[in-house]
Every structure is written in C-alpha cells, then in structure tokens.
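Numbering (this note's numbering), first residue to last: 14 to 654.
From the three backbone atoms N, C-alpha and C, an ideal C-beta is built for every residue, glycine too.
Reading through the structure tokens given below for one structure.
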C-alpha cells in the first residue's frame with residue numbers, strides 16, 4: 014500500500030522536530046531548525062490522521078450479550094446496520110444482544126450468519142434508520158511496514174462506548190495461525206500487526222490510513238495467563254471476509270472448502286500425497302504423485318503456501334487447478350467440498366466474577382453488568398483443550414446445520430433487500446412519467462465456430478420484450494408480452510412457453526432476467542427467491558440468488574454487490590438454470606455495463622459452458638436508444654409475420 018503524502022512527510026520531519034527541541038549550540042544550529050513551512054506539513058499530517066480516525070470512529074461497535082456480560086468489538090460496514098465481528102465473540106454472547114456506539118447509545122443486535130472456521134460473524138443493529146459505516150478495503154494491497162490502526166473496546170474500558178485507537182505497523186502478511194478445534198478459528202493468509210490488540214478488541218476493525226477496513230482483529234500472542242498484549246496481533250484479511258459475506262448474509266453457518274487432497278513438498282515440487290478417490294478433483298483427473306503447478310491462477314511452489322491460499326475459500330467455491338500428470342499439463346475446474354466442524358453446544362458453568370459498572374447508554378435498570386474481557390480470543394496455544402464458551406439456555410451461534418440456511422424467513426427478507434438494491438441500481442434514475450418508456454437495442458451476434466448474426470431487442474418499463482434474431486437466412490422471434498413467454502423459430506408456428514421452459518431457452522433467459530427489474534415484483538414470475546449463498550462468477554465474488562417455482566424448477570442469478578454512499582450498487586454478473594452451467598444448460602455472463610437513457614445495460618453478453626465459463630456465443634451491443642413503445646411491439650406474432 015502506498016503511504017499518503019502527509020504520513021511520508023511525518024516520517025521525514027519527526028527527526029527534525031526532535032532536533033528543534035534541543036538547546037542551540039555554537040555550531041550554527043540555525044541550519045538544523047525546521048522552517049515554519051516544514052512545521053506546517055507535520056501538523057497537516059497529524060490533522061490528516063486525526064481526520065481519518067474521526068471519520069470512522071462512529072462505526073466501531075462494542076458487542077455485548079443479552080445480559081450485558083463480556084465484551085467484544087465489531088465494525089459497521091453497511092448503513093442498514095450490518096456489522097462484522099468475530100465468531101468467538103457471538104459464540105460467547107449468543108444470537109442477540111446489545112451493541113454500543115460512540116454516540117453513547119446501546120442498540121439491539123441479532124445474529125445474521127457466522128463462520129466458525131474463519132472466526133467471522135455478521136450481526137445487525139436495530140434502532141436507527143441509517144448507521145455510520147466504514148468502507149471495506151483491499152487487503153491484497155497491504156504491505157509490510159504499512160501503518161495500521163486497530164479500534165475496539167479492550168478490557169471493556171470505555172463505559173461510554175467510545176472505542177480505543179492504537180496505531181502500529183503491519184508486521185507480517187500472509188501469516189497462518191492454526192485453529193482451536195476441528196477446522197475452527199483458523200487464521201489463514203492473515204495480517205500480523207504490532208498495533209495493540211488486547212482482550213475486548215476481538216471483532217474490531219483494522220484500518221489503513223485511508224479509513225478502510227483491511228481486516229478484523231481476532232487473536233494475538235499473549236503473555237501466558239496474563240493475556241497482555243506483546244505486539245503480536247492477527248487480523249482476518251478483509252478479502253477473505255468478502256468471499257464469505259454472501260454465505261453469512263444468507264444466514265448460514267458457513268463452511269470452508271477443501272479439495273479432499275493433500276499436497277507435500279518433495280524434490281520434484283508440490284506433490285499430491287493423499288487423495289479421496291470420490292472427490293471431484295480425483296474425478297477430474299488428479300492422481301497420487303501428480304505435481305501441483307498453480308491454484309486459482311497463482312503459481313504454487315510450496316505446500317504450506319497452498320494451504321494458506323485454500324484456507325481462505327468457502328465450501329462450494331469454484332476453483333481452477335493446473336497440475337502435471339505423467340509429464341502432461343492438465344487443467345481442472347471443480348467446486349470445493351466442505352470441511353466438517355465439531356462445535357461445542359453446551360456451556361460449562363463459569364465462576365462468579367466481580368461486577369463492574371454497567372456500560373452507559375439506553376439500557377433498563379437492573380440488568381447484569383458487562384464483565385471484563387469475556388470474549389476470550391483464541392491464543393497461540395489455542396489447541397490446549399480450551400473450548401469456546403457459549404451462553405447456557407436458548408439458541409446459540411453454533412446452532413444449525415453447517416452450510417445450510419438457518420433462518421429462512423430472514424433469508425427471504427435479505428434477498429428482497431438485495432433485489433430492491435439491484436432494481437434501484439438499474440432503473441433508479443428513470444424519470445416518473447405517465448408515458449410508457451422503451452428501449453431499442455441493436456446487437457451483433459457471434460457464435461463460436463459458427464456464422465455471425467444480428468438481433469434487435471425492444472424492451473419496455475413493464476418488463477415486456479421482443480427479440481428479432483437473424484443468423485444467415487434464418488429469422489427467429491422471441492418475446493414476453495407481460496403474461497406469456499413465446500418463440501417462433503424459422504417457419505415454425507408460434508410456441509407459448511411456461512416460465513420454467515422459457516428459462517431453458519438461451520435466447521430468452523438472459524432477457525427475462527434483465528427485464529425482471531422492471532416488474533412490479535421482480536423475480537416473482539420465476540418463483541420464491543432466496544439468497545442461496547456465495548459464489549464466483551465471471552472471476553468475481555458474487556451473491557447467488559435461487560428462485561424456486563411451485564413445480565420445483567429453479568433458476569440462478571449471480572449478483573455483484575458494491576457499497577455505495579446512499580445504497581449498494583448491485584450488478585447482474587450471470588444467470589442460468591444450472592449451478593455449474595453444465596451442457597446443455599449454459600449460462601449467460603453480463604459485462605460492459607453502460608448508462609443508456611436512464612437505465613444500465615450490459616453491452617456484452619456471453620453464453621458460457623461449465624465452471625470454466627468457456628464461451629459459446631458472444632452478443633455485443635452496437636447501438637441503444639430510448640423510444641416510445643406500444644402494446645403491438647410485444648404481442649404474439651401473427652402467422653403472416
């Protein structure tokens with residue numbers, strides 16, 4: 014990460030400030046005295062740092078359970094009240110509790126989703142229409158020596174809920190810290206810092222000097238028993254967390270992925286030393302003794318580095334593996350299997366501890382008081398037999414079937430919020446007018462290994478559309494009149510299609526998906542919508558929606574979600590009737606989105622096959638314009654047409 018200019022100047026002029034404080038000598042000390050301009054630069058650097066802290070200060074959450082016992086930290090990343098914290102914080106607190114902010118108030122929170130493997134959870138605060146939030150950065154740009162700020166509530170010192178700030182540097186990147194149980198609390202590819210992280214800081218944010226969250230603080234190397242910071246703290250990288258956000262928002266107890274194969278360092282390279290013959294990667298051709306060359310586009314030269322990489326990926330994540338078998342280079346695309354958990358479900362009684370004064374804020378009298386640093390972060394010797402303690406009685410963060418949606422009703426609510434943000438991102442700038450609006454799009458069609466063609470699309474603001482496609486001498490028509498999907502290919506008769514059949518037609522499915530944002534109830538035509546979890550589409554992290562109709566037929570949409578100032582910007586990346594786009598159920602990838610007379614339109618759509626997303630056909634928009642539509646534009650064609 015490139016340091017901001019004020020920080021660089023601060024480093025340059027600090028020695029000058031020190032010399033300026035020394036008494037003058039006869040040896041011409043005037044030359045060593047800093048100028049007013051230099052002093053102003055130092056003060057500007059200090060003001061910039063304070064300004065960044067002030068900007069994100071209100072986003073830090075002090076996390077308590079229902080009984081106000083214990084204390085961890087978190088950070089708001091969405092104005093709707095969604096916050097990141099540690100799994101071991103909510104495992105100690107339960108599935109709901111109180112969150113304190115720097116405004117001095119306490120807000121109710123409930124658990125959304127949790128990742129025991131990577132020690133991350135999402136909670137949602139309530140009680141405010143809009144919460145302050147911090148932007149998520151890019152942890153891949155973090156470099157050794159970068160400044161890093163840790164925020165939180167160490168030892169629950171801040172009874173007025175204001176967070177503590179500590180400044181240090183990044184001491185190491187791509188660190189690996191083993192877990193505290195069966196595949197739990199594993200810190201893979203994490204960030205090591207010397208910013209003071211103490212018990213109570215768990216779940217709090219690690220910021221860069223631009224105020225972006227680059228990690229979630231969770232554990233440290235503490236002096237034995239005393240649990241005192243010694244300058245060795247570890248944060249889960251934010252890029253790992255981004256890949257798990259969709260599963261967490263889907264209310265899942267998320268799982269991490271595995272190839273179900275083990276690799277070791279040998280003289281010949283990184284060699285497969287063990288493999289489950291039923292694993293997808295084995296069926297894709299990997300065998301014992303094969304040499305691993307690259308994983309997800311990155312060269313693999315060390316087995317430990319590979320373990321570090323794969324530990325940051327969710328179960329079912331699609332990956333690319335390049336390996337050498339008998340001197341032949343091969344490429345495989347598979348989905349990762351899920352690592353199992355053995356989660357504690359019963360709390361051991363804890364000894365009575367002296368009470369301390371309750372946190373200030375909006376709280377009823379008589380509630381139990383928060384205890385000092387009860388979140389108990391995992392330590393370096395976390396495998397000594399300790400288990401995470403959770404509250405007795407009632408639901409816990411460990412409840413649920415790993416990998417499955419915990420709360421279907423809450424999941425549907427979150428899916429509806431996501432669809433609403435998608436609609437706003439596509440048609441939010443449309444003027445509200447009495448006249449109907451429509452768009453005419455002219456596309457160029459190129460089929461892989463086949464003839465080129467052309468198509469003209471007409472689309473209106475009710476979600477109706479008509480496609481006229483010409484390839485060689487063959488002319489075909491496809492459309493949706495607001496109630497029925499239909500097609501007419503070559504000289505055949507018009508065929509009316511039920512929705513589930515229409516979504517299997519490569520020409521209709523992408524337009525049907527794009528047009529849904531214009532419907533009064535987007536995706537209702539496709540069936541009940543749920544947030545299915547996270548995935549990778551078009552090389553990007555995606556939220557995968559699944560629609561399910563009354564007949565048991567499904568359809569998938571992959572959405573990219575980017576935070577915005579007022580609302581999230583949601584973009585359709587891909588759609589299709591098959592999870593893996595396996596032939597003949599190809600999927601469509603959307604790209605090159607541009608603004609066209611009030612709507613965002615993808616100027617490039619590619620029909621793809623398989624997890625590799627191998628192109629089958631490409632559609633490129635040549636022109637797009639607004640026009641005034643009529644009902645006749647979308648009616649079923651006559652026999653003469």
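Name the residue from the options whose alpha carbon lies nearest to the alpha carbon of residue i.
i: residue 272; options: 157, 167, 298 and 527; result: 298
i: residue 563; options: 552, 155 and 513; result: 513
i: residue 309; options: 602, 326 and 351; result: 326
i: residue 319; options: 454, 604, 307 and 56; result: 307
i: residue 254; options: 344, 227, 507 and 102; result: 227
i: residue 346; options: 594, 632, 515 and 73; result: 594
i: residue 608; options: 157, 636, 477 and 631; result: 636
i: residue 409; options: 65, 60, 101 and 95; result: 101
i: residue 468; options: 455, 89, 340 and 459; result: 455
i: residue 292; options: 142, 315, 275 and 115; result: 275
i: residue 167; options: 197, 604 and 210; result: 210
i: residue 421; options: 459, 342, 477 and 544; result: 544
i: residue 479; options: 453, 189, 465 and 457; result: 453
Looking only at its own chain, which residues have a Cβ that is under 8 Å from the Cβ of residue i, when we skip the five neighbours before and after it?
i: residue 497; result: 509, 510 and 649
i: residue 261; result: 125, 126, 127, 128, 133, 134, 135 and 267
i: residue 451; result: 471, 472, 473, 474, 639, 640, 641, 642 and 646
i: residue 429; result: 542
i: residue 606; result: 584, 613, 614, 615 and 616
i: residue 517; result: 590 and 598
i: residue 188; result: 200, 202, 203, 204, 205 and 247
At the level of alpha carbons, what is the spacing between residue i and residue j?
i: residue 219; j: residue 287; result: 38 Å
i: residue 85; j: residue 150; result: 22 Å
i: residue 68; j: residue 550; result: 34 Å
i: residue 176; j: residue 252; result: 24 Å
i: residue 634; j: residue 647; result: 21 Å
i: residue 618; j: residue 495; result: 23 Å
i: residue 419; j: residue 204; result: 30 Å
i: residue 106; j: residue 87; result: 13 Å
i: residue 376; j: residue 70; result: In this prediction, residue 376 scores a pLDDT of 41, lower than 50, which makes its location untrustworthy; no coordinate-derived value is stated.
i: residue 401; j: residue 425; result: Confidence at residue 401 is low in this model, with a pLDDT of 37, below 50, so the placement of that residue should be treated as unreliable; the coordinate-derived value is given next. Answer to the nearest angstrom: the Cα atoms are 30 Å apart.
i: residue 213; j: residue 179; result: 13 Å
i: residue 532; j: residue 489; result: 25 Å
i: residue 651; j: residue 93; result: 50 Å
i: residue 258; j: residue 264; result: 10 Å
i: residue 206; j: residue 322; result: 20 Å
i: residue 294; j: residue 352; result: 15 Å
i: residue 690; j: residue 554; result: There is no way to answer for residue 690, as the model of the chain reaches only from 14 to 654.
i: residue 482; j: residue 524; result: 13 Å
i: residue 552; j: residue 485; result: 33 Å
i: residue 139; j: residue 506; result: 56 Å
i: residue 487; j: residue 296; result: 41 Å
i: residue 58; j: residue 592; result: 51 Å
i: residue 141; j: residue 72; result: 13 Å
i: residue 462; j: residue 625; result: 18 Å
i: residue 97; j: residue 89; result: 6 Å
i: residue 644; j: residue 476; result: 12 Å
i: residue 342; j: residue 324; result: 25 Å
Throw me the rounded Cβ distance for the residue i and residue j pair, which I believe falls under 8 Å.
i: residue 267; j: residue 126; result: 6 Å
i: residue 500; j: residue 470; result: Wrong, their Cβ atoms sit about 14 Å apart, outside the cutoff.
i: residue 282; j: residue 311; result: The Cβ separation is near 15 Å, so there is no contact.
i: residue 75; j: residue 112; result: 7 Å
i: residue 561; j: residue 570; result: So it is not a contact: roughly 13 Å between Cβ atoms.
i: residue 199; j: residue 155; result: Not quite, the Cβ-Cβ distance comes to about 19 Å (not below 8 Å), so this is no contact.
i: residue 233; j: residue 224; result: That pair is no contact at about 23 Å.
i: residue 162; j: residue 63; result: In fact, because the Cβ distance is near 11 Å, the residues do not count as touching under 8 Å.
Going along the chain, which residues of its own chain have a beta-carbon closer than 6 Å to the beta-carbon of residue i, five neighbours each way excluded?
i: residue 7; result: Since the first residue shown for the chain is 14 and the last is 654, residue 7 is missing from the structure and cannot be characterised.
i: residue 440; result: 530 and 612
i: residue 574; result: 556, 581 and 583
i: residue 601; result: 523, 588, 618 and 620
i: residue 434; result: 580, 581 and 583
i: residue 610; result: 639
i: residue 49; result: none
So, for residue i: in the same chain, excluding its five sequence neighbours on each side, which residues have a beta-carbon less than 7 Å away from its beta-carbon?
i: residue 432; result: 535, 536 and 542
i: residue 599; result: 519, 589, 620, 621, 622 and 629
i: residue 349; result: 270, 271, 272, 326, 328, 329, 330 and 332
i: residue 355; result: 194 and 195
i: residue 79; result: 107, 109 and 110
i: residue 417; result: 265
Please check if any C-beta of chain D sits within less than 9 Å of the C-beta of residue i.
i: residue 85; result: In the structure shown, chain D does not exist; there is a single protein chain.
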